[in-house]
Amino acid sequence: MENDTDCCSSLRERHPTSRTTARSSPSAVRSLSQEPRRGLPARLVHLSGETTGHLSTDQPEIPAATGRHLHPALAVGYGFTIHRDGQVITCGSDRLGLAEVFDAEATGALEGFKDVFIEFQTLAASHGNTKIRWVPGHAKIPGNEEADALAKAGYLKPVPAGALPILAYLHRAAKQRPKDAFKAWWEESAPDKYRALELSATTRCLPELSLSRSMLHHLLAARSRHGDFAEYHERFDHADARILCSCGQRKAPNHIFYCRKVLLRC
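Residues 1 to 266 (full-length UniProt numbering) make up the sequence shown, in order.
Structure (structure tokens):
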């Protein structure tokens with residue numbers, strides 16, 4: 001047993017995977033001078049001869065309010081107004097081509113920022129702590145209502161020459177046009193019996209398919225008009241068929257949905 005143990009130990013020592021790299025123990029730090037030097041961030045390094053002024057804690061703000069308006073005739077307009085110290089610096093409005101409401105909001109913000117970009121640079125150079133923040137459109141900020149009024153006036157303007165449709169509008173139009181074409185086809189081609197029941201057609205899975213088999217049976221029978229109905233029995237000359245319900249009303253395809261006995265049973 002001892003010979004086997006010595007043999008395994010000798011094989012383990014000669015195996016290449018048994019060799020481990022010797023780890024050097026970290027030297028103990030006994031004083032601050034032994035700690036590694038850490039470089040300061042570049043923005044905190046001051047050049048020789050450079051004077052550093054005191055930064056002001058005041059943050060002058062230039063509120064920029066933007067608005068957008070969508071007309072039912074797919075006319076999209078935008079408006080913006082820039083305020084400073086309660087006074088209007090500049091404002092503007094215009095109309096886009098075929099676009100979405102979000103595109104008008106983004107365009108209004110872009111045009112407004114173009115007019116005050118130089119002012120932002122001046123503030124950044126003088127104060128060094130200028131922040132640009134996005135304010136929600138429904139917040140009570142100066143010029144918000146004025147920007148909405150400018151947006152409504154913007155969509156009344158003519159479409160700019162050479163305006164191209166926005167990609168988001170093309171995506172929505174590509175999805176909506178097949179739906180409109182299918183709806184128009186159904187309004188022209190729907191059978192009269194479907195129109196009497198005010199049944200609409202769809203290309204999706206109908207929610208009625210989740211009904212129980214008994215309820216779905218009555219619904220499909222009313223839709224196809226093939227069932228225990230007075231009109232069906234009269235068409236095929238069923239002399240022994242009952243064409244009146246037990247409530248006394250004529251068996252119409254939609255009678256089961258309005259029968260007083262069925263309602264009381266439910």
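Beta carbons: idealized from backbone N, C-alpha and C, even for Gly.
From this set, the options, which residue's C-alpha is nearest residue i's C-alpha?
{"i": "L206", "options": "L219, L164, R195", "result": "L219"}
{"i": "D192", "options": "R223, A184, R213, A125", "result": "R223"}
{"i": "M215", "options": "F257, G112, L156", "result": "F257"}
{"i": "Y78", "options": "L156, S126, F117", "result": "L156"}
{"i": "R204", "options": "K179, A125, F120, Y232", "result": "K179"}
{"i": "S200", "options": "K175, T90, F182, T107", "result": "F182"}
Expressed to the nearest angstrom, what Euclidean distance is found between the alpha-carbon atoms of residue i and residue j?
{"i": "Q249", "j": "E234", "result": "16 Å"}
{"i": "F236", "j": "H217", "result": "21 Å"}
{"i": "V159", "j": "D103", "result": "15 Å"}
{"i": "D85", "j": "A173", "result": "44 Å"}
{"i": "L96", "j": "R177", "result": "21 Å"}
{"i": "G92", "j": "H83", "result": "12 Å"}
{"i": "C247", "j": "W185", "result": "39 Å"}
{"i": "V262", "j": "D228", "result": "15 Å"}
{"i": "residue 332", "j": "R213", "result": "In this structure the chain extends from 1 to 266, so residue 332 is not present and cannot be described."}
{"i": "Y194", "j": "A241", "result": "25 Å"}
{"i": "L164", "j": "I89", "result": "31 Å"}
{"i": "R225", "j": "A190", "result": "15 Å"}
{"i": "A109", "j": "A149", "result": "15 Å"}
{"i": "S126", "j": "K114", "result": "20 Å"}
{"i": "L197", "j": "I243", "result": "20 Å"}
Round the Cβ separation of residue i and residue j to the nearest angstrom and send it over; I've been treating them as touching at under 8 Å.
{"i": "G162", "j": "D94", "result": "Wrong, their Cβ atoms sit about 14 Å apart, outside the cutoff."}
Determine which residues share a DSSP beta bridge with residue i and list them.
{"i": "D237", "result": "According to DSSP, which records beta bridges pairwise, D237 is partnered with nothing at all."}
{"i": "L244", "result": "R250"}
{"i": "H255", "result": "Paired residue(s): none; H255 is not in a bridge."}
{"i": "H83", "result": "V88"}
For the ligand ADP, is there a heavy atom less than 7 Å away from the beta-carbon of residue i?
{"i": "L98", "result": "This structure lacks the ligand ADP; in fact it carries no ligand of any kind."}
Flag this pair as yes or no: are the beta carbons of residue i and residue j separated by less than 8 Å?
{"i": "E146", "j": "T81", "result": "yes"}
{"i": "D111", "j": "A168", "result": "First, the residue type needs correcting, since residue 111 is Glu and not Asp in the sequence shown. Contact flag unset, no."}
{"i": "C245", "j": "H238", "result": "no"}
{"i": "A230", "j": "K251", "result": "yes"}
{"i": "I166", "j": "L98", "result": "yes"}
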